[in-house]
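Report on the following structure.
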Amino acid sequence: MTDMSGFLRWAADRGLRIADRAGVLRRFHPRPNPVVLMYHGILRRKVSAIGNQGVDREGFSSHMRYLKQHFRIIHSNDFEQESESAAGNGKPAMLLTFDDGFANNATIARPILEELQMAAVFFVSTRHLEPGRYLWFIHARALFTLWPGNRIRLLGRTWKLGSPAARLQALWAFMRETRAASMEGIYQDLSRYPVETFVEPEIIEDELRGMSETEVAAVSKSRLIVIGSHTCNHPYLTACTTSQLAAETIGSKATLDRICGRAVSTFAYPSGDYNDAVASAVKRAGFEIAFAVNPHTQLADASMAIPRKGIYGAGLGILAGKSYGLLSRYRHVAQLTVKPQPLKTAGFP
Numbered sequence: 031m032t033d034m035s036g037f038l039r040w041a042a043d044r045g046l047r048i049a050d051r052a053g054v055l056r057r058f059h060p061r062p063n064p065v066v067l068m069y070h071g072i073l074r075r076k077v078s079a080i081g082n083q084g085v086d087r088e089g090f091s092s093h094m095r096y097l098k099q100h101f102r103i104i105h106s107n108d109f110e111q112e113s114e115s116a117a118g119n120g121k122p123a124m125l126l127t128f129d130d131g132f133a134n135n136a137t138i139a140r141p142i143l144e145e146l147q148m149a150a151v152f153f154v155s156t157r158h159l160e161p162g163r164y165l166w167f168i169h170a171r172a173l174f175t176l177w178p179g180n181r182i183r184l185l186g187r188t189w190k191l192g193s194p195a196a197r198l199q200a201l202w203a204f205m206r207e208t209r210a211a212s213m214e215g216i217y218q219d220l221s222r223y224p225v226e227t228f229v230e231p232e233i234i235e236d237e238l239r240g241m242s243e244t245e246v247a248a249v250s251k252s253r254l255i256v257i258g259s260h261t262c263n264h265p266y267l268t269a270c271t272t273s274q275l276a277a278e279t280i281g282s283k284a285t286l287d288r289i290c291g292r293a294v295s296t297f298a299y300p301s302g303d304y305n306d307a308v309a310s311a312v313k314r315a316g317f318e319i320a321f322a323v324n325p326h327t328q329l330a331d332a333s334m335a336i337p338r339k340g341i342y343g344a345g346l347g348i349l350a351g352k353s354y355g356l357l358s359r360y361r362h363v364a365q366l367t368v369k370p371q372p373l374k375t376a377g378f379p
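Residue 365 in my numbering sits at position 335 of the sequence shown, with consecutive numbering throughout.
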């Protein structure tokens with residue numbers, strides 16, 4: 031291990047694996063509700079070329095085999111009716127979800143899920159269905175990581191790029207400032223740095239590209255995988271105007287309904303960002319169920335902010351701890367699993 035936080039994460043993962051083998055973690059499972067896990071991109075290689083946060087293909091395969099052995103993976107269509115009381119003393123119920131709609135969900139995750147006959151929901155942001163268009167946060171990560179120059183200009187200011195540590199610091203400062211910026215302005219600024227001019231095609235394919243319409247249509251025909259919406263542009267929804275909210279929710283639904291040939295009824299809030307007004311807009315758009323990360327606003331309809339646990343690394347101990355609910359109770363341990371790393375391994379919250 032190269033740093034103390036890396037060692038602590040390794041130690042936490044090792045300890046949780048031992049506790050899992052001893053049967054300790056099962057006592058923390060939040061019955062009767064099914065646990066919902068949240069993945070993002072599934073990487074082809076162990077180390078991301080742009081410091082992207084995610085699980086690699088080998089690690090993902092190990093995750094799925096572990097979950098299939100210890101949990102009952104349910105279809106999203108059965109989620110609202112599912113309860114542990116109905117399931118008796120069987121395996122705990124679990125729903126798998128994937129945010130953003132990266133192409134690697136179709137090319138890497140889907141074959142593994144189908145081989146193991148495991149159901150999932152792919153939440154797709156429609157902006158990057160079109161070739162050559164990328165979601166703002168992944169474009170920014172690639173830019174801060176791989177841009178060959180020593181400075182870039184975004185959000186009306188110049189960002190200095192030096193060492194990997196300095197680039198990481200600049201990236202996180204940029205991410206903080208995006209919350210107060212217009213999404214249109216962010217995309218406009220990023221368009222001055224076309225991805226294809228500084229990122230190798232293999233990296234674009236592995237980590238940046240979104241699923242195409244053809245890929246989404248093919249995935250939607252699977253009896254195991256359901257397509258859900260993740261907005262059009264992946265904005266901070268609580269910063270959107272009423273008309274922007276309608277465009278992001280109604281617009282993404284119309285696009286996905288057309289591609290899938292049927293009504294898309296599930297939604298996931300980008301960055302887990304929502305409030306009463308956002309949840310109401312999502313419901314008005316025709317979505318029946320919506321997923322958050324850590325619900326922070328009490329809604330009249332709890333089905334519009336279902337909690338999820340994010341999986342950001344390949345350790346089986348951390349996976350077990352989150353799956354059984356231990357890490358949601360002991361947040362000082364959970365924080366070890368998401369703390370930013372050096373640029374090659376850091377990710378977004």
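Every residue gets a Cβ at the ideal spot worked out from N, C-alpha and C, and that includes glycine. A quick note: this is a predicted structure, and the numbers were derived from the prediction, not measured.
Taking residue i as the reference, give the member of the options with the closest Cα.
i: D219; options: R187, G45 and P178; result: R187
i: S221; options: L254, A322 and R183; result: R183
i: S301; options: E88, D129, A277 and L143; result: D129
i: P64; options: L126, S310 and V225; result: L126
i: M205; options: T227, A247 and I168; result: I168
i: G281; options: R47, R253 and V312; result: V312
i: A136; options: G316, Q199, E235 and H260; result: E235
i: S310; options: D331, N107 and A322; result: D331
i: P12; options: E112, A149 and L238; result: Residue coverage of the chain in this structure runs from 31 to 379, which leaves residue 12 outside it and unanswerable.
i: R253; options: A150, R39 and G36; result: A150
i: V308; options: G45, T327 and V246; result: T327
i: I255; options: G340, S106, G120 and Y223; result: S106
i: E214; options: V154, F321, S92 and T271; result: T271
i: P122; options: I142, D108, F101 and P141; result: F101
i: L303; options: T208, P265 and K352; result: The amino acid at residue 303 is misidentified as Leu; the sequence shows Asp. Ranking T208, P265 and K352 by Cα distance to D303 puts P265 first.
i: E110; options: D86, S333 and G340; result: S333
i: D108; options: K352, L329, I319 and A335; result: I319
i: N305; options: S295, L329 and F321; result: L329
i: M68; options: R57, R47 and M124; result: M124
In whole angstroms, give me the CA-to-CA distance for residue i and residue j.
i: Q147; j: V249; result: 14 angstroms
i: T268; j: A52; result: 43 angstroms
i: A277; j: P325; result: 24 angstroms
i: E145; j: L185; result: 45 angstroms
i: A172; j: A298; result: 24 angstroms
i: M241; j: P194; result: 30 angstroms
i: R39; j: G343; result: 10 angstroms
i: R338; j: V66; result: 5 angstroms
i: G118; j: I104; result: Residue confidence is low: G118 scores 48 on pLDDT, short of 50, so the model does not pin down where it sits. Its coordinate-derived value is still stated next. Going from the Cα of G118 to the Cα of I104 covers about 15 angstroms.
Among residues of its own chain, excluding the 5 on either side of residue i, which ones have a beta-carbon nearer than 6 angstroms to its beta-carbon?
i: G71; result: G84, F132 and N134
i: L55; result: A49, A350, Y354 and L356
i: D43; result: G345, G347 and I348
i: A139; result: I72
i: Y164; result: H158, V225 and L238
i: I142; result: S91 and M94
i: V323; result: G302 and R338
i: P231; result: none
Buried or exposed, going by whether 16 or more other CB atoms sit within 10 Å of the CB of residue i?
i: G192; result: exposed
i: Q99; result: exposed
i: S273; result: exposed
i: N82; result: buried
i: N263; result: buried
i: K283; result: buried
i: A210; result: exposed
i: E112; result: buried
i: F37; result: exposed
i: G340; result: buried
i: G377; result: Unreliable positioning characterises G377 in this predicted model, as indicated by a pLDDT of 37, which lies under 50. The coordinate reading is nonetheless provided below. Buried, because 16 or more other Cβ atoms sit within 10 Å of the Cβ of G377.
i: T244; result: exposed
i: K76; result: exposed
Report all residues from its chain with a CB closer than 7 angstroms to the CB of residue i; omit the five preceding and five following residues, and keep chain order.
i: L176; result: I80, F228 and V229
i: W189; result: R181, I182, A200 and F204
i: A315; result: T279, I280 and K283
Going along the chain, which residues of its own chain have a beta-carbon closer than 8 angstroms to the beta-carbon of residue i, five neighbours each way excluded?
i: Y217; result: W166 and N263
i: R197; result: F174, T175, L191 and L373
i: D178; result: Residue identity differs from the one stated: residue 178 is Pro in this sequence, not Asp. If we look at P178 and ignore the five residues flanking it on each side, its Cβ neighbours are F228.
i: G291; result: A247 and S250
i: T261; result: S155, T156, L267, E278, T279, S282 and P300
i: E207; result: L185
Run the proximity test for residue i: is its beta-carbon closer than 7 angstroms to any non-hydrogen atom belonging to the ligand FAD?
i: A335; result: Looking for the ligand FAD in the displayed structure turns up nothing, as the structure carries no ligands at all.
Completely contained beta strand (DSSP E) runs for the region 55-137, where each covers 3 or more residues: 65-69 and 123-130
Where are the beta strand (DSSP E) runs, 3 residues long or more, that stay fully inside the region 251-332, in chain order? 255-259, 296-298 and 319-321
At 3 residues or longer, what runs of the beta strand (DSSP E) sit wholly inside the region 175-234? 181-184 and 187-190
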